[in-house]
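Student: I'd like to ask some things about the structure below.
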Amino acid sequence: MRFLISVIDSTTRSPHTPEEIQAIDAINDQMVANGQRLFACGLDSPTLASVFDNRAGSNQVSEGPFIKSDEFFSGFWIIEVNDEQTAHELAAKASKACNRKVELRPLLG
1 MRFLISVIDS
11 TTRSPHTPEE
21 IQAIDAINDQ
31 MVANGQRLFA
41 CGLDSPTLAS
51 VFDNRAGSNQ
61 VSEGPFIKSD
71 EFFSGFWIIE
81 VNDEQTAHEL
91 AAKASKACNR
101 KVELRPLLG
């Protein structure tokens, strides 16, 4: 089973502390050692996003995030585990490590 763990950040939060970065590195190492992490990365500021809409063939581009909000996704993990319980456990560990809320969603396919 594959899941997406998205890190929920806020425009009012400070960047990660050295302790948080160390904890994130540790959970990454653990996931890799257990064969659970397929991919992980941080995301740049949503102010640097561009939204493309080419449904009608006019390729409209708007600068900035799709949804204007104080909260945004600042990173993610794609994991592969044997069951949903393990995914829940990893999501809880990820939230603790990065000191942020996270969202867990199953991947289709």
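In UniProt numbering, the protein residues as written are 1 to 109.
Heads up, the beta-carbon is just placed ideally off N, CA and C, and yes, glycines get one too.
These numbers come from a predicted model, not from an experiment.
In the DSSP assignment, find the unbroken alpha helix (DSSP H) run with residue 90 in it and report its ends.
Tutor: Looking at the DSSP string, the run of the alpha helix (DSSP H) that includes residue 90 is 84 to 98.
Student: Thinking C-alpha only, which one of 80, 37, 94 and 50 is nearest residue 68?
Tutor: Per the Cα distances, 50.
Student: Quick one: what does DSSP say residue 67 is sitting in, helix, strand or coil?
Tutor: Residue state, collapsed to three classes: coil.
Student: Considering only the beta carbon of each residue, do residue 102 and residue 5 sit closer than 7 Å?
Tutor: Taking 7 Å as the Cβ cut-off, residue 102 and residue 5 qualify as a contacting pair.
Student: What's the C-alpha gap between residue 112 and residue 8?
Tutor: With the chain represented from 1 up to 109, any question about residue 112 goes unanswered, as that position is not in the structure.
Student: Quick one: using the 10 Å Cβ neighbour count with 16 as the cut-off for buried, is residue 56 buried or exposed?
Tutor: Answer is exposed; the Cβ neighbour count stays below 16.
Student: Does DSSP classify residue 30 as helix, strand or coil?
Tutor: In this structure, residue 30 counts as helix in the three-state DSSP scheme.
Student: If you compare alpha carbons, which of 58, 89, 84 and 66 is closest to residue 1?
Tutor: Of the candidates 58, 89, 84 and 66, the one whose C-alpha sits nearest the C-alpha of residue 1 is 84.
Student: Rounded to whole angstroms, what's the CA-CA distance from residue 107 to residue 58? Just pull it up for me.
Tutor: Rounded to whole angstroms, residue 107 to residue 58 spans 30 Å at the Cα level.
Student: Specify the secondary structure class of residue 44 as computed by DSSP and reduced to three states.
Tutor: Coil at residue 44, not helix or strand.
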